[in-house]
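Chemist:
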Amino acid sequence: MRIGAHVDSTDPLAEATARAADTVQFFLSDPQGWKAPKPREDAARLRAAEVDLYVHAPYVINVATLNNRIRIPSRKLLLTHATAAADVGAKGLIVHGGHVNAGDDPAVGFDNWRKTFAYAADAGGFGVPVLIENTAGGENACARRLDALARLWDAVGDYEVGFCLDTCHAHAGGEELLGLVDRVKAITGRIDLVHANNSKGAFNSGQDRHDNLDGGTIDPELVVAVIRAAGAPVVVETPGGVTGQATDISFLREQLGAEQPSA
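In UniProt numbering, the protein residues as written are 1 to 263.
Shown next, in the form of structure tokens:
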């Protein structure tokens with residue numbers, strides 16, 4: 001069981017050591033901006049590391065929207081980030097499921113996702129697994145509730161696409177964690193990564209507010225049960241910096257019987 005955390009991008013390997021993590025996730029550029037990632041001087045060191053690396057795409061990306069001024073740059077930026085993620089040896093690129101605006105036809109949003117993968121295929125492919133992540137809020141979201149996720153997978157399932165399950169997002173989005181893994185896998189056939197986060201927001205609140213595993217509104221044992229059932233690598237995106245995340249990682253290892261990484 002590979003367990004780690006979302007960390008600052010300056011020196012991800014040092015951040016992994018500080019947390020006793022064997023997996024790290026990080027951004028390659030401003031998560032709220034549209035700038036393409038710059039080549040990293042430490043790319044070779046990252047590729048050679050024993051730590052598993054995941055890259056999270058910027059939050060601004062929304063390939064589902066009907067707004068051309070957002071959708072088209074989103075497609076290009078997602079492909080650019082995938083190329084940069086492959087360059088550092090990342091095992092996956094995580095991207096939020098996106099949404100359409102109120103009054104727009106959701107079917108067009110799902111088809112826009114299909115077109116995104118077709119666009120990438122025409123450009124030679126993403127070069128790294130793209131993992132679509134469920135989201136916490138929005139009545140017009142493409143991956144908040146499982147009925148929408150099923151429509152999304154109908155659109156993109158023929159492509160090489162993976163899934164990232166966020167426990168905070170599922171809880172805040174109105175999906176019960178008990179039995180969730182089986183329900184998700186019945187749709188996607190897979191879970192490639194788990195974001196293990198507690199939730200400051202209540203069930204079905206739509207609030208994307210992460211908390212440490214021993215806090216929030218989710219029973220920590222439910223988070224552990226999700227991880228155990230998913231059988232996938234784990235990343236905590238919890239607050240508290242090194243101390244808070246190291247405590248969460250230690251708790252998960254203790255509960256799951258996972259080994260501490262060697263120095």
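Backbone N, C-alpha and C fix where the C-beta goes; we use that ideal spot for every residue, glycine too.
In whole angstroms, what separates the C-alpha of A5 from that of D211?
Modeler: 13 Å
Chemist: Keeping to the same chain, check which residues put their C-beta closer than 6 Å to that of A148; ignore five residues upstream and five downstream.
Modeler: C142
Chemist: When you compare only the Cα positions, how much space is there between T23 and V234?
Modeler: 8 Å
Chemist: Using three-state DSSP, classify I191 as helix, strand or coil.
Modeler: In the three-state scheme derived from DSSP, where H, G and I count as helix and E and B as strand, I191 is classed as coil.
Chemist: Express the C-alpha separation of N68 and K115 in angstroms, rounding to a whole number.
Modeler: 13 Å
Chemist: Among D8, G206, N140 and L78, which has the Cα closest to the Cα of G125?
Modeler: L78
Chemist: Can you tell me where the beta strand (DSSP E) holding Y159 begins and where it ends?
Modeler: Element bounds for Y159: n/a, residue is neither H nor E.
Chemist: May I ask which residues mark the beginning and end of the alpha helix (DSSP H) holding H81?
Modeler: N68 to D87
Chemist: In angstroms, rounded to a whole number, what distance separates the CA positions of S262 and G240?
Modeler: The pLDDT assigned to S262 is 49, lower than 50, so where the model puts this residue is not dependable; a value taken from the coordinates is nonetheless given after this. The straight-line gap from Cα to Cα measures roughly 24 Å.
Chemist: DSSP on D105, reduced to helix/strand/coil?
Modeler: coil
Chemist: What residue range is occupied by the uninterrupted alpha helix (DSSP H) comprising G173?
Modeler: T167 to G173
Chemist: What whole-angstrom Cβ distance do T167 and A196 have, given they're in contact under 8 Å?
Modeler: 6 Å
Chemist: In whole angstroms, give me the CA-to-CA distance for A43 and F251.
Modeler: 31 Å
Chemist: Mapping the DSSP letters down to three states, classify A263 as helix, strand or coil.
Modeler: Low per-residue confidence applies at A263: pLDDT is 40, beneath 50, and the placement is therefore not dependable enough to give any value.
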